[in-house]
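Chemist: Once you've had a glance at the structure underneath, I'll fire off some questions.
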Amino acid sequence: PSVPRHTNRLINEKSPYLLQHAHNPVDWYPWGQEAFDKAKKENKLIFLSVGYSTCHWCHVMEEESFKNKEIGEIMNKNFVCIKVDREERPDVDKVYMTFVQATSGGGGWPMSVWLTPDLKPFVGGTYFPPEDGVHRVGFRTVLLRIAEQWKENKDALLESSQKILEALLHGSEICVRGQKSPPPSKEVMTTCFKQLSNSYDEDYGGFSESPKFPTPVNLNFLFTYWALHRTTPEGARALQMALHTLKMMAHGGIHDHIGQGFHRYSTDQHWHVPHFEKMLYDQGQLAAVYSRAFQISGDKFFADVAQDILLYVSRDLSDQAGGFYSAEDADSYPTTTSGEKREGAFCVWAAEEIRALLPDPVEGATEGTTLGDVFMHHYGVKETGNVSPMKDPHQELKGKNVLIVQCSPELTAARFGLEPGCLGALLQEGRQRLAAARAQRPRPHLDTKMLAAWNGLMISGFAQAGAALAEQDYVSRAAQAAAFLQRHLFDPTSGRLLRSCYRGKDNTVEQSPMPIQGFLEDYVFVIQALFDLYEASLEQGWLEWALQLQHTQDKLFWDPEGFAYFSSEAGDSSLLLRLKGDQDGAEPAANSVTVTNLLRAACYSGHMEWVEKAGQILAVFSERLQKIPIALPEMARATALFHHTLKQVVICGDPQGEDTKEMLRCVRSVFSPNKVLMVADGDSAGFLYRQLPFLASLERKDGKATAYLCSNFACSLPVTSPQELRGMLCP
């Protein structure tokens, strides 16, 4: 490799995204005091560029502008340039994205913002082409104009930045107003169901025309809605909408049929042509949702998809120390000799490649049928490629195919005169050969940063799948990852979580010299994961840690005046705003998930002030929940759990006894969104007995494993048969 001509301060960072820019001719600084001091001392504006390593347009802007020597010189001469990985610093990203969205009506990445030396934003946008075009001003022009403005009109700029900040402070404030009680749960649930139902795509599933995102938050809402309205037509429709969406996604090109796992989102209505990056947070949430779909429907199809996701994560996103990596990129080199990367190159196929890999004649099929014919028919492969030019503006996928299941197995079998029973084995053989061929291609970039929050979502995926599918290996993998968090992303002396750690040289786990402290979402998703892991493993140590973390979260993030939790802690002078997220998007908002966490924490500890906090959060978001609950489906779901009170399912018995295991299998096979599972093993010195004195009064009936259904610490009559227990869980 040639010696790089330029090296900037990012070379000392750990984030893969920042390291990608370490050899730009731009004199990049990481976000921090050194850059702020330089801007103040030299009275220079700051240019802030925010992105992440699997962001396609971030790569484009780097290639066109940040690698351009002349543009680099303009940037270095006039600005202090700061690069931020939004996945490491979601707090910095949210502050300036709030500004960009408020001033330009849109937002996205790469985000480009110009700040005064005291970090106040005054101009912002997203991607800029390098030179002026017919419809867009080029990046070079913008840089020169802003530098000129600063020279000529410094005072006016400073004044306008102050006004902008005041407007942002006012506009972003989320606090309890007047109403101190949570909104009526029935109304919130009904409105959210109607809003989802109206935006539902009857043919292909999903909740928009295009682009189409997986949105697990919508599907979880629909499952809960169904569970509370099982016998009504609306309940049936909610379930049908969720299951149909999951089926269509699994058949679509957004699902990687050869390498497993799910891509980020589909650019079209049919779930066909995706943006090819794969994100850990999608895999974690989708593994849980597909496991729930199996639990509810009993259809093995959904269990297979959950297992497929977990196979991908175990193989491609797992660190040997137990943590999970963040993402895999969309762009890669088509061949080992290619000079430039293309989106999707690792995942797409030309028809002749498939023919050459699958030439075998198929026994029992119509004369002359090859394995390639059957495979190509089933996966919608066309000789000239199956990607519409409309969905491929840069012609990166011309002549290529994105596999999508177009027919049922029965139809494909009938088309070639095959027995439906033998089709599965043929398709599997085809997929394995394509996987072996694909393994020879250059792999996309892997972002090996490990984030507490996303690891939490993935632990929940493994734990919930392990419980619902009765797969002990998944529960063990979840426990291995939780132990990794405890070892590498937790400081036992302060009791605090850290945001991130990194894969270093020789595959060791490394930490930054100045570790980034955990944000609200890190606490919330890790606490949720630990509750899920306790329910799957019954190891009380995870419960104990979850409750400790909940106390720490309260201390660091709770807003005692306006209620709900701030996304970041107080005391960082470089953050202009402390925000509260109010949107359940690709990931649920931390305040939404924390409502359910608080209710679960109260059930395991008897601390009723946590129930009160949950109600206060719902009160803060009350207006939004009543008007547009579709923006907060996870919080809407939590209003129902708050209203119906969680049911403690207590099983008294020996955790190793066959009768206890049978009761546990029964509980885990039923989808009941408002249940909290615990095993009373008779160890009165154990953590749960110390937390919940009422457990001591529950006994085994006739020496058999016995289940009680308790609400607010008052319990039902004991039952000793799984059938009776099932009846109680699904009234």
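Note that the numbering used here has the sequence shown beginning at 610, numbered continuously upward.
Ideal Cβ positions, reconstructed from N, Cα and C, are used throughout, including at glycine.
(1) If you drop the 5 nearest sequence neighbours on each side, which residues of the same chain put their C-beta closer than 7 Å to that of T1205?
(2) If you compare alpha carbons, which of S923, N829 and P639 is closest to Y899?
(3) Look up C561 in the DSSP assignment and say whether it is helix, strand or coil.
(4) List the whole-angstrom C-beta distance separating V693 from L657, where the pair is believed to meet the contact cut-off of C-beta under 8 Å.
(5) So, under 8 Å CB-CB, R749 and I655 are touching, yes? Tell me the CB distance rounded to an integer number of Å.
(6) Looking at the secondary structure, which residues open and close the alpha helix (DSSP H) in which A960 lies?
(7) In angstroms, rounded to a whole number, what distance separates the CA positions of A1062 and S875?
(8) Measure how close the beta-carbons of E1178 and F1166 come, nearest whole angstrom, since I'm counting them as under 8 Å.
(9) To the nearest angstrom, report how far apart R1299 and D1290 are at their CA atoms.
(10) Measure the alpha-carbon distance for Q1041 versus T978 and round it to whole angstroms.
(11) Is the beta carbon of S770 closer than 8 Å to that of T725?
(12) Mark T824 as exposed unless 16 or more other C-beta atoms lie within 10 angstroms of its C-beta, in which case mark it buried.
(13) Under the assumption that Q1095 contacts C1110 (Cβ atoms under 8 Å), give the Cβ distance between them as a whole number of angstroms.
(14) How would you write the range of the beta strand (DSSP E) that T707 sits in, first residue to last?
(15) I believe D940 touches R951 by the beta-carbon criterion, under 8 Å. Please report the beta-carbon distance rounded to the nearest angstrom.
(16) From the DSSP output, in three-state form, read off P1302 for me.
(17) Helix or strand or just coil, what does DSSP make of C1261?
(18) By the 10 Å Cβ neighbour count, where 16 or more other Cβ atoms means buried, how is H779 classified, buried or exposed?
(19) Should M1217 be labelled buried (16 or more other beta-carbon atoms within 10 Å of its own) or exposed?
(20) Report yes if the C-beta distance between P791 and A1199 is below 8 Å; otherwise report no.
(21) Please give the ranges of any alpha helix (DSSP H) in the stretch 717–799, keeping only runs that are unbroken, at least 4 residues long and fully inside the region.
(22) Counting pairs of beta carbons, one from the stretch 966–974 and one from the stretch 909–920, are three or more of them closer than 8 Å?
(23) Can you tell me whether W880 is helix, strand or coil according to DSSP?
(24) From this set, N621, A847, C690 and T1269, which residue's C-alpha is nearest A1356's C-alpha?
(25) Report back the beta-carbon spacing between F1296 and L1152 to the nearest angstrom; my notes put them in contact at under 8 Å.
(26) Go ahead and label V612 buried or exposed: buried means 16 or more other beta carbons lie within 10 angstroms of its beta carbon, across all protein chains shown.
(27) If we call anything under 8 Å between Cβ atoms a contact, is V704 one with L1185?
(28) Helix, strand or coil for W1167 per DSSP?
(29) Since V990 is in the alpha helix (DSSP H), which residue starts that stretch and which ends it?
(30) Between the stretch 1041–1055 and the stretch 930–948, do at least 3 Cβ pairs fall closer than 8 Å?
(31) Write down the C-beta distance between S781 and L1188 rounded to the nearest angstrom, noting that I regard them as a contact closer than 8 Å.
(32) Sort out for me which residues DSSP pairs S1320 with in a bridge.
(33) Just curious, the beta strand (DSSP E) that R1112 is in, first and last residue?
(34) Measuring CB to CB, does G893 end up less than 8 Å from S1182?
(35) Distance, Cα to Cα, I867 vs E886?
(36) Tell me the rounded alpha-carbon separation between P719 and A1210.
Modeler: So, from the listed chains and residues:
(1) A1247 and L1250
(2) N829
(3) Since the first residue of the chain shown is 610 and the last is 1340, residue 561 is not available in this structure.
(4) 7 Å
(5) That pair is no contact at about 18 Å.
(6) A960 to L966
(7) 24 Å
(8) 6 Å
(9) 13 Å
(10) 19 Å
(11) yes
(12) buried
(13) Wrong, their Cβ atoms sit about 12 Å apart, outside the cutoff.
(14) Not the beta strand (DSSP E): T707 falls in the alpha helix (DSSP H), residues P699 to S713.
(15) 6 Å
(16) helix
(17) strand
(18) exposed
(19) exposed
(20) no
(21) 748–761 and 763–780
(22) no
(23) coil
(24) This structure cannot settle anything about residue 1356, because the visible part of the chain is limited to 610 through 1340.
(25) 6 Å
(26) exposed
(27) yes
(28) strand
(29) It is not in any alpha helix (DSSP H) - V990 carries neither H nor E in the DSSP assignment.
(30) yes
(31) 6 Å
(32) A1323
(33) S1109 to R1112
(34) no
(35) 15 Å
(36) 39 Å
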